[in-house]
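For what it's worth, the numbering used here labels the leading residue of the sequence shown as -10, then goes sequentially.
Using N, Cα and C, we set each Cβ at its ideal position, and we do this for glycine too.
These notes are about the structure you will find just below.
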Amino acid sequence: MVKAVLFDMDGVIVDTEPLHHKAYHGMFKDYNLEVNDALYESFTGQSTMNVCKRLCSHFKLDVHAKELVDRKRFHFKDLFFNDSSLDLIDGVHDIIKDYHNNGLTLVLASSASMLTINNVFTRFDLDQYFIAKLSGADLKASKPHPEIFIKAAEASGYKREECMVIEDSTNGIKAAYDAGIYCIGYDSLNSKNQDYTLANKVVSNFNEISFKTVKDLV
């Protein structure tokens, strides 16, 4: 029986992907980087620092990755507080309340920075539902490495075989798979060309994974 649910954030809980897209491309423009769609899509699910390290390597930039990170976050912060399009993913607030009200333990496991996580949770009043929040930016390895989900399961207080992950990215699904945790792949409108083959179940609507539907999956 499922005892804990480990949520990704971007593309699963909140629709920040369009803001990240705008922020990244603002930073690309600042540094005159021509990033094609295939390269950009390969970043999905990775921490900003790891993305910027890849950019420095790929374009042989003579700047530290942190400089790119700071510039991208400058753009994102401005968008976060000023772009009215930011909203929760349709149906996710109801599913979070459904799980919480039925006694499931909820943990956030996101590649976003803790600053971004806290801003999102404050804006949408989500702290009341989650017992812990983990940021991949604070860990040694980023998704697709399984570290964040291993630690999120530990934070839940339950065995990995009693947990379930909800993810929307190739990297996140691979991380859950390698952690040995049942994974539901959320086919998000904002995560283009992601690979869901390693997910145990794929859905496109949160109505498909109500508590009654998932409680006996593991």
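Beta-carbon spacing of residue i, residue j below 8 Å
i: M103; j: H64; result: no
i: Y171; j: L206; result: yes
i: G169; j: G34; result: no
i: V58; j: I2; result: no
i: M38; j: A126; result: yes
i: A12; j: L68; result: yes
i: A101; j: D19; result: no
i: K163; j: L128; result: no
i: D4; j: E156; result: no
i: I84; j: Y118; result: no
i: T94; j: S145; result: yes
Spatially closest choice to residue i from the options, by CA coordinates
i: K132; options: L(-5), S36, Y29; result: S36
i: D26; options: N182, G161, S199; result: N182
i: C41; options: G34, A121, E56; result: E56
i: A(-7); options: E150, D4, T202; result: E150
i: H47; options: N189, L22, D59, E30; result: L22
i: S99; options: T5, Q117, L123, F32; result: L123
i: S73; options: Y118, I155, L8, R43; result: L8
i: V203; options: I106, V154, Y185, A130; result: V154
i: D116; options: H89, H134, K190, P135; result: H89
i: N71; options: T159, S177, V24, R112; result: R112
i: K66; options: H10, L178, N91, H53; result: H10
i: R60; options: H14, K49, E197; result: H14
i: T106; options: T159, R62, K140; result: Reading off the sequence shown, one finds Ile at residue 106, where the question assumed Thr. Among T159, R62, K140, the Cα nearest to that of I106 is on R62.
Heavy atom of the ligand FAD within 7 Å of residue i beta-carbon
i: D26; result: By its list of ligands, the structure shown contains no ligand whatsoever, and the ligand FAD lies outside what it can speak to.
Residue i, DSSP secondary structure in three states
i: M(-2); result: coil
i: Y175; result: strand
i: K140; result: helix
i: T94; result: strand
i: V40; result: helix
i: A121; result: strand
i: E23; result: coil
i: M153; result: strand
i: L206; result: coil
i: S145; result: helix
i: L50; result: coil
i: V(-9); result: coil
i: K61; result: helix
i: K190; result: strand
i: L68; result: helix
i: L104; result: helix
Integer Cβ distance of residue i from residue j, believed to fall under 8 Å
i: I120; j: V96; result: 6 Å
i: S199; j: D87; result: 6 Å
i: A165; j: F195; result: In fact, because the Cβ distance is near 18 Å, the residues do not count as touching under 8 Å.
i: C152; j: L(-5); result: 6 Å
i: D167; j: P135; result: 4 Å
i: K190; j: I173; result: 5 Å
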